[in-house]
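Report on one structure; see the data block that follows.
In the working numbering, the protein residues as written are 2 to 133.
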């Protein structure tokens, strides 16, 4: 029974963590792309600072490239290093990051939805047996 529960929890963790990694990667990519595009547009229109005569778009473009690199590094590292074993070890020790808490919260919601589904099926089975 424990092996089956552990396997189910492992699969649920894999699904939830992949979804969370994808969401964070998309958010970082969007921020980086918008900043890079704004920087390129500002450079194309030759917008300069009045005081120092520096292209403002350079700073936006560099920030966009930096955030895009962070998104790529985050995606590569988290998809390889963030495993179920690492998650269990951290939670047993009480080390929760924001990402760990979000994954635990979503896993709990998934478990609750599964138990509600099982409860409805059992109630439906009881009703059909009572009619017979």
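C-beta atoms are modelled at their ideal positions from N, C-alpha and C, and glycine is treated no differently.
Residues of the same chain with a CB within less than 8 Å of the CB of residue 69, apart from the 5 flanking positions on each side, are 29, 30, 33, 34, 37 in chain order. Runs of the alpha helix (DSSP H) spanning 4 or more residues and lying entirely within the segment 42-124 occur at 58-82, 85-94, in chain order. Apart from sequence neighbours up to five positions away, the residues of its chain that approach residue 101 with a beta-carbon distance below 7 Å are 88, 91, 92, ordered along the chain. Its Cα nearest to that of residue 56, the residue 45 stands out among 45, 65, 66.
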